[in-house]
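A short write-up of the structure that comes next.
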Amino acid sequence: MGLPSKHRLKRRLNFQSVYQQGIRRSSRYFIVRGLRVDESVSVYTQIGISVSRKVSKKAVVRNQIKRHIRVAFRSLLPKISSPWFIVIVVKPEVKECNYEHFLRELEKLLIKANIINGY
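Going by UniProt numbering, the residue at position 113 of the sequence shown is 113; the numbering climbs one at a time, nothing skipped.
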């Protein structure tokens, strides 16, 4: 199962604001960009995923990677306290990564970006 619709970052304007004003942290497989938002803008943390054709030419592979990231975020969402706009950019090396690596790597990046507090 993926993320509920209320937790998905969909609007182009929101993506642009994260890229222009947000923080950036990177690791071997991912780049995490995050922007803390007021509760007047959004009550929920929203997540957007960007997988380019550099990762894979096949849409099936790119969509599978997105599904893995969404499932990993389902377990990480309760740890995020205040509302954030988060964009996950996937690097081409991610093809050799399995689900446990996704979860561990994303959690480390969110801690490094201070999105998850106290872990």
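Note that beta-carbon positions come from the ideal geometry of N, C-alpha and C, so glycine has one too.
- Annotated three-state conformation of Ser26 is strand, per DSSP.
- Spatial neighbours of Arg24 in its own chain (CB-CB distance under 7 Å, excluding positions within 5 residues in sequence) are listed in chain order as Ile31 and Arg33.
- Selection Ser50, Ile80 and Ile115 evaluated against Pro92 yields Ser50 as nearest (Cα-Cα).
- With respect to the 8 Å criterion, Phe15 and Ile69 are not classified as neighbours on the basis of their beta carbons.
- By the C-beta density criterion, Ala72 is buried, having at least 16 other C-beta atoms within 10 angstroms.
- Counting only runs that start and end inside the stretch 36 to 83, the beta strand (DSSP E) elements of at least 3 residues fall at 46 to 50.
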